[in-house]
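Structure first, commentary second.
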Amino acid sequence: MAKQPKEAGVAWLKLENDGDAAVVVFLGEPHPRDVAVIDNKFVPFTRRLKAEGHKPVLRFTHNVALFETREVKVLEYGIAFFKDVLRVRHAFGLETWAVEVQRHGAAKDWWQTRYSLQPERRLSSEQQQAFQGLPLHDLAKLRVDASTAAEAARRGDSGARRPNARLVQHLSDVLKTMPRKRVERLLHHHLGMQQVGDVSAMRGEEWQTFVEEVAVEYQAFWERNC
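Here it is as structure tokens:
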């Protein structure tokens with residue numbers, strides 16, 4: 004598995020060596036996202052990376068809880084493992100079983116690495132209730148956080164600079180002139196945000212991505228309606 008960018012407050016489930024395994028309970032739904040491989044790391048796929056010639060790879064993030072400690076971590080996987088998740092869900096039910104995830108492949112050889120998924124232990128009703136009540140990581144927000152950290156690292160920038168307050172307000176006003184569905188698609192699908200007010204909290208490359216996405220959406224809207 005390619006390395007994940009470091010992000011505060013997020014605990015990735017790391018199986019780094021051949022044979023490493025963990026018994027977990029899957030929580031909630033998987034969150035799909037397009038990524039690119041940069042310096043052996045998965046980073047969110049942006050228009051800038053597309054322009055540079057990089058190709059998107061479909062990945063999924065999923066909340067999982069360690070069976071022994073009930074600590075909630077984030078597992079990322081590709082389409083092949085996603086099919087295994089669906090297989091186990093249909094055959095056994097992810098909410099009713101703790102399953103073992105095991106790595107088969109040498110460290111850093113993520114292209115040749117695969118992961119197996121096998122039911123390990125049936126959960127009692129009490130255990131099911133306890134696991135399903137655990138707080139989850141916000142996987143949609145995780146995408147935005149990853150974009151900020153990974154792009155900043157790639158460009159050698161700290162990513163700590165805030166955008167100009169007047170420009171933030173101007174772009175917020177621009178968004179308010181556009182149809183609600185188009186704005187929701189921009190915020191939720193492309194940027195993982197919930198509302199226009201989240202713009203003021205952005206930093207560094209996250210802000211750069213936002214400006215690029217707004218420019219594309221705004222131009223497309225006015226070309227069609229003016």
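Residue numbering for the sequence shown follows my numbering, beginning at 4 and increasing consecutively.
Virtual Cβ for every residue (Gly too), placed ideally from N, Cα, C.
The structure displayed is predicted, hence computed values, not measured ones.
Assigned exposure category for residue i - 16 Cβ within 10 Å defines buried
i, result
"ALA39", "buried"
"LEU78", "buried"
"ALA101", "buried"
"LEU89", "exposed"
"THR259", "Outside the displayed span of the chain (4 to 229) sits residue 259, for which this structure offers no information."
"ILE47", "The amino acid occupying residue 47 in the given sequence is Pro; Ile does not appear at that position. It counts as buried."
"ALA153", "Confidence is the limiting factor: at ALA153 the pLDDT is only 47, short of 50, which leaves the residue's position unreliable and the question unanswerable from this model."
"ASN66", "buried"
"ARG36", "buried"
"ARG51", "exposed"
Contact set for residue i: own chain, Cβ-Cβ below 7 Å, skip 5 residues either direction
i, result
"ILE82", "LEU61"
"ALA68", "VAL27, VAL28, LEU30, GLU74, VAL75, PHE134 and LEU137"
"ARG92", "none"
"LEU97", "PHE29 and VAL91"
"GLU19", "ALA110"
Residue i - DSSP class collapsed to helix/strand/coil
i, result
"GLY85", "Correcting the residue type first, residue 85 is Phe in the shown sequence and not Gly. DSSP places PHE85 in helix when its eight states are reduced to three."
"ALA143", "helix"
"GLN121", "strand"
"LYS58", "coil"
"GLN105", "strand"
"GLU98", "coil"
"PHE70", "coil"
"LYS17", "coil"
"LEU52", "helix"
"LYS76", "strand"
"LYS111", "coil"
"GLY22", "coil"
Sequence-distant residues of the same chain with beta carbon closer than 6 Å to residue i, five excluded per side
i, result
"ASP23", "ARG106"
"ASP87", "LEU120"
8 Å CB neighbourhood of residue i in its chain, flanking five on each side removed
i, result
"GLY108", "ASP21, GLN115, THR116 and ARG117"
"LYS58", "ALA39"
Whole-Å CB distance - residue i paired with residue j, under 8 Å assumed
i, j, result
"LEU142", "THR49", "18 Å between Cβ atoms; not a contact."
"THR99", "GLN131", "6 Å"
"PRO122", "PHE85", "Rounded, the Cβ-Cβ distance is 17 Å, inconsistent with contact."
"VAL104", "ALA25", "6 Å"
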